[in-house]
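Residues in the sequence shown are numbered from 86 upward in steps of one, following the numbering used here. All C-beta atoms in this analysis are idealised placements derived from N, C-alpha and C, irrespective of residue type, glycine included. These numbers were taken from a predicted model, which means no experiment stands behind them.
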Amino acid sequence: MLTPWEHLSIFQDFKGSEKSRSDKRKEIEKLLKDVGIWDMRNTKAKNLSGGSKRKLSVAIALCGDSKFVMLDEPTSGMDLQARRSLWNMLRAYRNNRIIILTTHYMDEADVLGDRIGIMAQGKLVCLGASLFLKKRYGVGYNLTLEKSS
């Protein structure tokens, strides 16, 4: 029954944000613009599309200066452009935070992860930086480029 603006306002208070009212408003405005739902700020959340609801969930997780954020498949069901936009946003917001993100997309893990853990049958089977995992477990590939005059 709440709008995205109201959700963020309430969650700031839940998280104990001690910012001034104007700073809270600025943070909400920035988050809604950054996740791409500014135009829907006054629409009831139940009327948002699935992708917009996911974007709102990401904004809620990041509001109130959360230092530890867990995101469970935040880009699932989004089109490629929305996924890329959210990736850029998450990269910008990751300073001074720990973000744990689950995904089925290896390209997403590669772009966003400092360390990547791969699970199989509910167990962690490998963990490391993207380059380490590629060197150790990747089958490798060769890319040949030819430039004609």
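**Request:** Pick helix, strand or coil for residue 212, following the three-state DSSP scheme.
**Result:** strand
**Asked** From residue 129 to residue 141, what does the alpha carbon distance come to, in whole angstroms?
**Response** 11 Å
**Item:** Counted within 10 angstroms of its Cβ, other Cβ atoms place residue 191 as buried (16 or more) or exposed
**Value:** exposed
**Message:** Checking 8 Å against the spacing of the C-beta atoms, do residue 111 and residue 97 come in under that value?
**Reply:** no
**Message:** Is the beta carbon of residue 185 closer than 8 Å to that of residue 163?
**Reply:** no
**Message:** Using the Cβ count rule (16 or more neighbours within 10 Å means buried), how would you classify residue 211?
**Reply:** exposed
**Item:** Beta-carbon proximity list for residue 221, same chain, < 8 Å, skipping 5 on both sides
**Value:** 211, 213
**Message:** Could you check whether residue 144 and residue 171 sit closer than 8 Å to each other, using their CB atoms as the reference points?
**Reply:** no
**CB contact flag (residue 113, residue 137, <8 Å)** = no
**Item:** Whole-number beta carbon distance between residue 153 and residue 201, since they are thought to touch under 8 Å
**Value:** The Cβ separation is near 18 Å, so there is no contact.
**Message:** Quick check: what's the CA-CA separation for residue 131 versus residue 86?
**Reply:** 7 Å
**Item:** Pick from 189, 120, 168, 92 that is closest to residue 204, judged by C-alpha positions
**Value:** 189
**Request:** Please state whether DSSP places residue 183 in a helix, a strand or coil.
**Result:** strand
**Request:** Could you tell me the distance, in whole angstroms, from the CA atom of residue 147 to the CA atom of residue 209?
**Result:** 26 Å
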